[in-house]
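Undergrad: Quick one: this structure, given as structure tokens, is what I'll be asking you about.
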Amino acid sequence: MLRTNAHVSKSRHGAPGFVLAGKFTAQFDFMKLHCDGSGFSVAAELERGRSDMSQVRLLVGTKKGAFVLTADGTRKDWKVSGPHFAGWEMYHLKGSPVDPSRIYASQSSGWFGQVMQRSDDGGETWAAVGNKFEYEGDAGAHQWYDGTAHPWEFKRVWHIEPSLTDPDTVYAGIEDAALFKSMDGGASWQELSGLRKHGTGPAWQPGAGGMCLHTIILDPENAERMYIAISAAGAFRTDDGGASWKPINKGLHSLYIPNPTAEVGHCVHHIAMHPAKPGTLFMQKHWDVMRSDDAGDSWTEISGDLPTDFGFVIDVHAHEPETLYVVPIKSDAEHFPLDGKLRVYRSRAGGNEWEPLTAGLPQSDCYVNVLRDAMSVDKLDECGVYFGTTGGQVYASTDAGDSWKAIVRDLPAVLSVEAQTIA
Amino acid sequence: MRRVRVELPSSLCRLARVDREIKVEVVGAVTQSTVLDAVETRCPMLVGTIRDSATKVRRPFIRFFACEEDLSHLSPDEPLPEAVANGSQVFLIIGAIAGG
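Protein chains in written order, with numbering that gives the first Met the number 0: chain A, 0 to 422; chain B, 0 to 99.
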């Protein structure tokens, strides 16, 4: 299926892998070959797709079901499928980068709890998989809103992150904050308890939305490294595959906690990374847009000329590691765009200098929110950018943000959007 | 062995891909625990949706009705009414009203 004039070169971080990069005549421009020590596994990852040969699939999670939106590479006409799991809160759906037909979904309900779903055919059909998320050992306690100790209790899965190399391996970020891993396609889940037990866990406190682990980022060049973020504990990194963790919040400044520069306690809303620069991270914090160029060891503010630096989403252009997108929200008390104008802001300079993107977006009387997992980019030549709103619109830009068009306008409140670029 | 009729909430019917009313076979005493064990054996995807998968405690917004009575607060091991055990009455699993 894949033919290439490939060359093999050592990955930038050296062991444990090699990167096999080549120009394919057919479906993929690049393919990454990873070695995990026990043999090679192939991750066919679409790095850049041709619009005349590709398809885009958007996985949209809403408050009352999931929707799958598909279009060919022109991204003009969209087919809407759904609601899947009608009536359930679909916090997140995400496909495997290795096998795009493999999609995991988090389905939850105040009545019926957590269900995990898996599709092996691109969202056509689904099957329930394992939903037992049991904390390892004595669950212990974290701080409650009033500062008292509160037992760790499982509530729901906020975020799903499939492995970059194995479709059966997937991570789940849950509330109350913990990280779980499945290596059997979601059938069973084991906690990576080194995170919760690394020492600061008892000091973690929930944000208004609960104490959720909402961001998981896997380093494409170092299989042992990953980043996670928790509201309202902050960001953390492991360099040993999840066995041990350390807070990476130096440089964050949060006026809503007693010590604004504390090691933990920061309300990180989302983090984004470009796979070509895995040591550079971009963060939308409760207030402040931040950047790290040393894998989170230190952060500097890049809010620059944004009209407000409160917000939830942040994402990076698929082919330009210094091009960022945020959606500024008025304030922590007023979760809607400033002046009723829905504006995406783009920086082509890695932050500080931002330009409003408004073409096709409502510029009056708009009071929706854009939640933390509700923005995504595709990998076509002309990068597509997508985001969903709590008003039920899913907007698409096929020109890297210059102009926007609503694919759908009247879905339930959108919780998450993930784009898949399929050859 | 007793054959017990159980009615599920519509959300769980769709999840389990079964009709609203299902019949389950219970060996021994017919109690909440044994009925729910039988439901979960027949429909494994319902594990955790009616009661906690580890503690077996009823989820807070789930109620059990039968014979025009709320049986939610019975001990899980207390026998259910004979009319439920003999299949003449349905054991209703209800999603509690929650909203405003």
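We put the beta carbon where it would ideally sit given N, CA and C, even for glycine. All values derive from a computational prediction rather than experimental measurement.
Count the other CB atoms, across all protein chains shown, that sit within 10 Å of the CB of A:R408; report buried if there are 16 or more and exposed otherwise.
TA: Along the first sequence, one-based indexing puts residue 408 of chain A at 409. The residue in question, A:R408, is exposed, as its Cβ has fewer than 16 Cβ neighbours within 10 Å.
Undergrad: Select from A:G172, A:P274, A:A275 and A:S253 the residue whose C-alpha is nearest the C-alpha of A:H265.
TA: Here residue 265 of chain A is taken as the residue at index 266 of the first sequence, counted from 1. Of the candidates A:G172, A:P274, A:A275 and A:S253, the residue whose Cα lies closest to the Cα of A:H265 is A:S253.
Undergrad: Which residue spans inside the stretch 331 to 400 of chain A form an unbroken beta strand (DSSP E) run of at least 3?
TA: 343 to 346, 354 to 356, 374 to 376, 384 to 387 and 393 to 396
Undergrad: My output table needs one value for B:V89: the three-state DSSP class, helix, strand or coil.
TA: By 1-based counting over the second sequence, the position of residue 89 of chain B is 90. Coil.
Undergrad: In angstroms with no decimal places, state the Cα-to-Cα distance between A:V79 and B:C42.
TA: Within the first sequence, numbered from 1, the residue matching residue 79 of chain A stands at position 80. Within the second sequence, numbered from 1, the residue matching residue 42 of chain B stands at position 43. Those two C-alpha atoms are separated by around 30 Å.
Undergrad: Is the CB of A:K63 under 7 Å away from at least one CB in chain B?
TA: Within the first sequence, numbered from 1, the residue matching residue 63 of chain A stands at position 64. So, not an interface residue.
Undergrad: Can you tell me the Cα-Cα spacing of A:A104 and A:L410, whole angstroms?
TA: Position 105 of the first sequence, counted from the start, is the residue given in the question as residue 104 of chain A. Position 411 of the first sequence, counted from the start, is the residue given in the question as residue 410 of chain A. Their Cα atoms are separated by approximately 18 Å.
Undergrad: Does any residue of chain B have a CB that is nearer than 7 Å to the CB of A:K329?
TA: Your numbering for residue 329 of chain A matches position 330 in the first sequence. Cβ-Cβ to chain B under 7 Å: no for A:K329.
Undergrad: Beta strand (DSSP E) containing B:T40: first to last residue?
TA: Mapped onto the second sequence, residue 40 of chain B falls at position 41. B:T40 -> not in any beta strand (DSSP E); alpha helix (DSSP H) instead, spanning Q31 to R41.
Undergrad: Residues in its own chain within less than 7 Å of A:A186 by CB, not counting five upstream and five downstream?
TA: The count along the first sequence starts at 1 and reaches residue 186 of chain A at position 187. Taken in chain order, the residues that qualify are V128 and G129.
Undergrad: In whole angstroms, what is the alpha-carbon distance linking B:P78 and A:L58?
TA: As a working note, residue 78 of chain B is residue 79 in the second sequence. As a working note, residue 58 of chain A is residue 59 in the first sequence. Our two residues, B:P78 and A:L58, have alpha carbons roughly 46 Å apart in a direct line.
Undergrad: Quick one: Cα of B:V89 to Cα of B:V29, how far?
TA: Counting from 1 along the second sequence, the entry for residue 89 of chain B is found at position 90. Counting from 1 along the second sequence, the entry for residue 29 of chain B is found at position 30. Near 13 Å, if we compare the C-alpha coordinates of B:V29 and B:V89.
Undergrad: Within this structure, are the beta carbons of B:V38 and B:V25 separated by less than 7 Å?
TA: Mapped onto the second sequence, residue 38 of chain B falls at position 39. Mapped onto the second sequence, residue 25 of chain B falls at position 26. In this structure, B:V25 does not lie closer than 7 Å to B:V38 by Cβ.
Undergrad: Kindly indicate which three-state DSSP category A:M115 falls into: helix, strand or coil?
TA: On the first sequence, position 116 is the one that residue 115 of chain A refers to. Annotated three-state conformation of A:M115 is strand, per DSSP.
Undergrad: Using CA atoms only, rank isn't needed, just tell me which of B:A95, B:V83 and B:I96 is closest to B:V5.
TA: Taking the first residue of the second sequence as 1, we reach residue 5 of chain B at position 6. The residue with the shortest Cα to Cα distance from B:V5 is B:V83.
Undergrad: What residues of chain B sit near A:V312, judged by a beta carbon separation below 9 Å?
TA: As a working mapping, residue 312 of chain A is identified with position 313 in the first sequence. Ordered by position in chain B, no residue passes the 9 Å Cβ test against A:V312, which lies about 29 Å from the chain.
Undergrad: Tell me, please, whether the CB atom of A:K9 is closer than 7 Å to any CB atom in chain B?
TA: Numbered from its first residue, the first sequence carries residue 9 of chain A at position 10. In this prediction, A:K9 scores a pLDDT of 33, lower than 50, which makes its location untrustworthy; no coordinate-derived value is stated.
Undergrad: Please work out which residues of its chain come closer than 6 Å, Cβ to Cβ, to A:L251, disregarding the five sequence neighbours upstream and downstream, and give them in chain order.
TA: Within the first sequence, residue 251 of chain A is the residue found at index 252, counting from 1. H265 and W298.
Undergrad: The alpha helix (DSSP H) spanning B:D10 covers which residue range?
TA: Within the second sequence, numbered from 1, the residue matching residue 10 of chain B stands at position 11. The sequence shown places Ser at residue 10 of chain B, rather than the Asp named in the question. Note, B:S10: alpha helix (DSSP H), S9 to A15.
Undergrad: Inspect the beta-carbon positions of A:D308 and A:V288 and report whether they are closer than 7 Å.
TA: The residue labelled residue 308 of chain A in the question sits at position 309 within the first sequence. The residue labelled residue 288 of chain A in the question sits at position 289 within the first sequence. Result yes, Cβ atoms of A:D308 and A:V288 sit closer than 7 Å.
Undergrad: So B:V84 is in the alpha helix (DSSP H); what residue range does that whole segment cover?
TA: Mapped onto the second sequence, residue 84 of chain B falls at position 85. Sequence inspection shows Ala at residue 84 of chain B; the Val mentioned does not correspond to that position. Note, B:A84: alpha helix (DSSP H), E81 to A84.
Undergrad: Could you tell me the alpha carbon to alpha carbon distance between A:K31 and A:H334, rounded to whole angstroms?
TA: Position 32 of the first sequence, counted from the start, is the residue given in the question as residue 31 of chain A. Position 335 of the first sequence, counted from the start, is the residue given in the question as residue 334 of chain A. Because A:K31 carries a pLDDT of 34, less than 50, the predicted location of this residue cannot be relied on, and the following value inherits that uncertainty. Roughly 40 Å separates the two Cα atoms.
Undergrad: Could you compute how far the alpha carbon of A:G72 sits from the alpha carbon of A:D293?
TA: Residue mapping note: residue 72 of chain A aligns to position 73 of the first sequence, counting from 1. Residue mapping note: residue 293 of chain A aligns to position 294 of the first sequence, counting from 1. Cα to Cα, the separation comes out at about 36 Å.
Undergrad: Quick one: what's got a C-beta closer than 7 Å to A:K154's C-beta in the same chain, skipping five residues either side?
TA: For the purposes of this step, residue 154 of chain A is taken as the residue at position 155 of the first sequence. Closer than 7 Å at Cβ, skipping near neighbours: E174, D175 and G209.
Undergrad: Applying the 10 Å Cβ sphere with the 16-neighbour rule, what's the burial state of A:A242?
TA: Stepping through the first sequence from its first residue, residue 242 of chain A is reached at position 243. Exposed, since its Cβ has fewer than 16 Cβ neighbours within 10 Å.
Undergrad: Could you compute how far the alpha carbon of A:V367 sits from the alpha carbon of A:Q283?
TA: Residue numbering aside, residue 367 of chain A sits at position 368 when the first sequence is read from its first letter. Residue numbering aside, residue 283 of chain A sits at position 284 when the first sequence is read from its first letter. Looking at the two C-alpha atoms, the distance is approximately 18 Å.
Undergrad: Closest to A:G278 by CA distance: which of A:K378, A:G391, A:F311 and A:R224 is it?
TA: For the purposes of this step, residue 278 of chain A is taken as residue 279 along the first sequence, with counting starting at 1. Looking from the CA of A:G278, the closest CA among A:K378, A:G391, A:F311 and A:R224 belongs to A:R224.
Undergrad: What's the call for A:Q189, buried or exposed, on a 16-neighbour Cβ count within 10 Å?
TA: Taking the first residue of the first sequence as position 1, residue 189 of chain A is located at position 190. Counting Cβ neighbours within 10 Å, A:Q189 comes out exposed, since fewer than 16 surround it.
Undergrad: Just reading off the beta strand (DSSP E) that A:P417 is part of, what are its end residues?
TA: As a working mapping, residue 417 of chain A is identified with position 418 in the first sequence. One detail in the question is off: residue 417 of chain A reads as Glu in this sequence, not Pro. Here the beta strand (DSSP E) through A:E417 covers V413 to I421.
Undergrad: Which chain A residues are close to B:M0, counting only those with a beta carbon under 7 Å from its beta carbon?
TA: As a working mapping, residue 0 of chain B is identified with position 1 in the second sequence. Simply none; closest approach about 27 Å.
Undergrad: Compare the C-alpha of A:Q142 against each of A:P274, A:A202 and A:T420 and name the closest.
TA: The residue given as residue 142 of chain A occupies position 143 in the first sequence. When only C-alpha atoms are compared, the closest one is A:A202.
Undergrad: For A:L57, does the three-state DSSP call read helix, strand or coil?
TA: What you label residue 57 of chain A is simply residue 58 of the first sequence in a count that begins at 1. Residue state, collapsed to three classes: strand.
Undergrad: Can you find a C-beta in chain A that's less than 7 Å from the C-beta of B:T33?
TA: Taking the second sequence and counting its residues from 1, the one referred to as residue 33 of chain B is at position 34. No - not a single Cβ of chain A is within 7 Å of the one on B:T33.
Undergrad: Let's see if you can read the secondary structure: which residues bound the beta strand (DSSP E) around A:F281?
TA: Your numbering for residue 281 of chain A matches position 282 in the first sequence. That run of the beta strand (DSSP E) goes L280 to K284.
Undergrad: Using a Cβ distance threshold of 8 Å, determine whether the stretch 164 to 184 of chain A contacts the stretch 211 to 227 of chain A, with at least three qualifying pairs required.
TA: yes
Undergrad: Which value, in whole angstroms, describes the spacing of the CA atoms of B:N85 and B:R19?
TA: For the purposes of this step, residue 85 of chain B is identified with residue 86 of the second sequence, where counting begins at 1. For the purposes of this step, residue 19 of chain B is identified with residue 20 of the second sequence, where counting begins at 1. Cα to Cα, B:N85 sits roughly 19 Å from B:R19.
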